[in-house]
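I have placed the structure first, in the form of structure tokens, so that the comments after it can refer back to it.
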Amino acid sequence: MKASIYSLILGFVLSSVYSQSPIIPRFGSESVGRVEGAYYKDINGFLDQYAGTWLYMNDNALLKIVLVKKLMFYKVTGFKNYYEDYLIGEYQYIENGVEKVNTLSNLSNTYTDITDYNLYSVAMAKKYSPPSCPECSEDEKRLLLDFNEPSRRNIWNGISNDFVIRKFTENGVTKLKVQFVYTGNGLESLNTIDGPPANVNSFSVPYGEYVLIKQP
9 MKASIYSLIL GFVLSSVYSQ SPIIPRFGSE SVGRVEGAYY KDINGFLDQY
59 AGTWLYMNDN ALLKIVLVKK LMFYKVTGFK NYYEDYLIGE YQYIENGVEK
109 VNTLSNLSNT YTDITDYNLY SVAMAKKYSP PSCPECSEDE KRLLLDFNEP
159 SRRNIWNGIS NDFVIRKFTE NGVTKLKVQF VYTGNGLESL NTIDGPPANV
209 NSFSVPYGEY VLIKQP
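Numbering of the sequence shown is given in the numbering used here, commencing with residue 9 and proceeding in unit increments.
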């Protein structure tokens, strides 16, 4: 009985929100964030293909990425507030048997700021969008995400990078190609927000290309 009442209340709340929020395609021709209270919805399910657990392994490294679709996230910008569908994610990286970073537990947190997740979707990437994709078809779309790491968050202006993913199937196996590229100015010493310069311009996960396999 309680479950039925809860379902009715939830349905009423969602119906109320939807009725007041104009729905705009998230990956359509309209720019995100121009309409107050709008819901920029992933109408065609572009983000769905990436959701799941992905694993890369070689002789000395393991990279595990878990991606989750987050519906109707309320975005507060200080200009216009709106709702948006996102792909969020966290990761684990092990090198030579030593765990360098593990943010997977962060997925269980509920944030009001999407940037508190260490991976979140930003925009579609076309074939020739940097980093380019020679093997992509002319009209194929990839996904650009913002990538961060907890120990790097206090670096002023952050460390610029492109983290672009592409799903494909090879010999019946579902795979994810990750292009992780540094886009900064090459400085080896960056100022921190609340401390001395940090002699880093990279993350625990090395820049490069990775091919991950979809896990059951």
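For glycine and all other residues, C-beta sits at the position ideal for the given N, C-alpha and C.
Residue pairing for T182: DSSP places it in a beta bridge opposite T177.
Here Y58 is actually not in contact with I221; their C-beta atoms are around 14 Å apart, not less than 8 Å. Only residues of its own chain outside the window of five on either side were considered, and among them R34, F35, M132, K149 and L151 have a CB closer than 8 Å to the CB of F54, listed in chain order. When secondary structure is reduced to three states using DSSP, Y136 falls in the coil class, being assigned neither helix nor strand. DSSP, reduced to helix, strand and coil, places N156 outside both helices and strands of the structure shown, so it counts as coil. Counting C-beta atoms within 10 angstroms of its own C-beta, L75 has 16 or more neighbours from the protein chains shown and is therefore classed as buried.
Taking every protein chain shown into account, the CB of K88 has fewer than 16 other CB atoms within 10 angstroms, so this residue is exposed. Counting along the chain, Y90 sits inside the beta strand (DSSP E) bounded by residues Y90 to E103. In this structure, DSSP gives Q223 a state outside helix and strand, which the three-state scheme calls coil.
Closest option to F81, judged by alpha-carbon separation, among P158, P224, S129 and K72: S129.
By the 16-neighbour rule on beta-carbons within 10 angstroms, Q223 is exposed. As computed with DSSP, S129 is found in a beta bridge with L153.
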